[in-house]
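Chemist: Below you will find the structure I want to go over with you.
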Amino acid sequence: MTEAAFKAKTFIQQQKPNFTPKLGLILGSGLSEIANSLEDATTISYGDIPGFIQTTISGHAGVLSLGYLNGVPTVCLQGRKHYYEGFNDEAIKTYIRTLKLLGVDILFLTNAAGSLHQDVPAGSLMMITDHMNFQGHNPLIGPNDEAFGPRFFGMEEAYDVDLREILTSVAQDLSIHLTQGVYVSVLGPMFETPAEIRAFRSLGADAVGMSTVSEVIVARHCGLRIVAVSAITNLAAGMNNEALTHEDTLYHGQKAAIVLQKLIVGFTQELP
Ligand code: HPA
């Protein structure tokens, strides 16, 4: 069922023998620059890795890099699958489980998101404390693969409490303003309606995006510890008079990436 993850792991290990990444990084739209901080990097195109699927979205390079981030062996994914590209649970399960098989313990996810608060504008960073799945889908539907985790499992602390504490104190030390909140995932590809945004706000959501949640589900199933940050690229639909575009997402994502990069590097310094 998830043979692809084992094949991918073997292939990746052949490209960089004797390298065991402890940290996994998934870079969202416009956030690819962060991968350039890796030292002694080996980069592999998704097209060459068994079970990895080339991404179709601009701003997602579709490459996996292995290297050292501040001395921490790290594997970095530039490119992810979104359900609006067509449901592809196998692809998502494969790249997350490959990280697990490679030895990753902590998965740091990033994404671009719209803010549901006027006082959290484009350019802000939000640490995700919890999520709501409004994608109407779940990557673990179907037979369970016991090799990776149990059929039923809890999501109480999907976003690791200790890692959140570390990230919060790193942000303070670096004078980086890091808000916290609940991320709601939608299918996309269109942005939301103003009515949907009002509804999400009344339900307790703080930011909205089209990714991450399916990856967190697969990652928690196989026991990865999660820390996640949204780069706020816009106020959500109806909150101002500006029309939302993917270009704006990329532009503000790239700006946020500079600060996010500092935050991630600071985070690696504090890892045990
Ligand atoms: N909605 C959904 N996804 C997004 C947004 C948004 O406003 N901004 C960036 N990704």
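In numbering that gives the first Met the number 0, the protein residues as written are 0 to 271. Glycine is no exception: its CB is placed at the ideal position from the N, C-alpha and C atoms.
If contact is defined by three or more beta carbon pairs under 8 Å, each pair taking one atom from either stretch, is the stretch 209-227 in contact with the stretch 183-191?
Modeler: A contact exists between the stretch 183-191 and the stretch 209-227.
Chemist: Take residue 176 as the anchor and find which of 229, 105, 233 has the nearest alpha-carbon.
Modeler: Here the closest residue by C-alpha is 229.
Chemist: Mind the definition here: the stretch 155-171 touches the stretch 235-251 only if three or more C-beta pairs lie below 8 Å; say whether that holds.
Modeler: Result no; under three Cβ-Cβ pairs closer than 8 Å.
Chemist: Within 10 angstroms of its Cβ, does residue 79 collect 16 or more other Cβ (buried), or is it exposed?
Modeler: Label assigned to residue 79: buried.
Chemist: Quick check on residue 205: buried or exposed, where buried means 16 or more other Cβ atoms within 10 Å of its Cβ?
Modeler: Burial call: buried.
Chemist: Between residue 24 and residue 73, is the Cβ-Cβ spacing less than 9 Å?
Modeler: Yes, the Cβ-Cβ distance between residue 24 and residue 73 is below 9 Å.
Chemist: Got a sec: does the ligand HPA put a non-hydrogen atom nearer than 8 Å to the Cβ of residue 191?
Modeler: Yes; taking the cut-off as 8 Å, the Cβ of residue 191 has a heavy atom of the ligand HPA nearer than that.
Chemist: Give the straight-line distance between the Cα atoms of residue 124 and residue 147, rounded to the nearest whole angstrom.
Modeler: Whole-angstrom Cα-Cα distance: 32 Å.
Chemist: Going residue by residue through the stretch 66-105, where are the continuous alpha helix (DSSP H) segments of at least 4 residues, counting only ones entirely within it?
Modeler: Counting only runs of 4 or more, we get 88-101.
Chemist: Where in the stretch 107-155 do unbroken runs of the beta strand (DSSP E), each at least 3 residues long, occur, reported from the N-terminal end onward?
Modeler: Here the runs fully enclosed are 124-133.
Chemist: Is residue 43 closer than 9 Å to residue 90 when the C-beta atoms are compared?
Modeler: No, they are not a contact pair.
Chemist: Could you tell me how far apart the beta carbons of residue 279 and residue 223 are, in whole angstroms, since I believe they sit closer than 8 Å?
Modeler: Since the first residue of the chain shown is 0 and the last is 271, residue 279 is not available in this structure.
Chemist: With 16 as the cutoff for other CB atoms within 10 Å, does residue 134 come out buried or exposed?
Modeler: Buried: at least 16 other Cβ atoms inside 10 Å.
Chemist: Which whole runs of the beta strand (DSSP E) in the stretch 216-259 are 3 residues long or more, in chain order?
Modeler: Counting whole runs of 3 or more residues, the stretch 216-259 contains the beta strand (DSSP E) stretches 224-234.
Chemist: Compute every distance between the C-beta of residue 108 and the non-hydrogen atoms of the ligand HPA, then say whether any falls below 8 Å.
Modeler: Answer for residue 108: no, Cβ out of range of the ligand HPA.
Chemist: Can you look up residue 40 in the DSSP assignment and give me helix, strand or coil?
Modeler: Residue 40: strand per DSSP, three-state reduction.
Chemist: Could you have a look at residue 9 and say whether DSSP puts it in helix, strand or coil?
Modeler: Looking at residue 9 - three-state DSSP - the assignment turns out to be helix.
Chemist: Could you give the C-beta distance for residue 111 and residue 64, rounded to a whole number, given that I count them as a contact under 8 Å?
Modeler: 20 Å between Cβ atoms; not a contact.
Chemist: Do residue 219 and residue 131 have their C-beta atoms closer together than 9 Å?
Modeler: No, they are not a contact pair.
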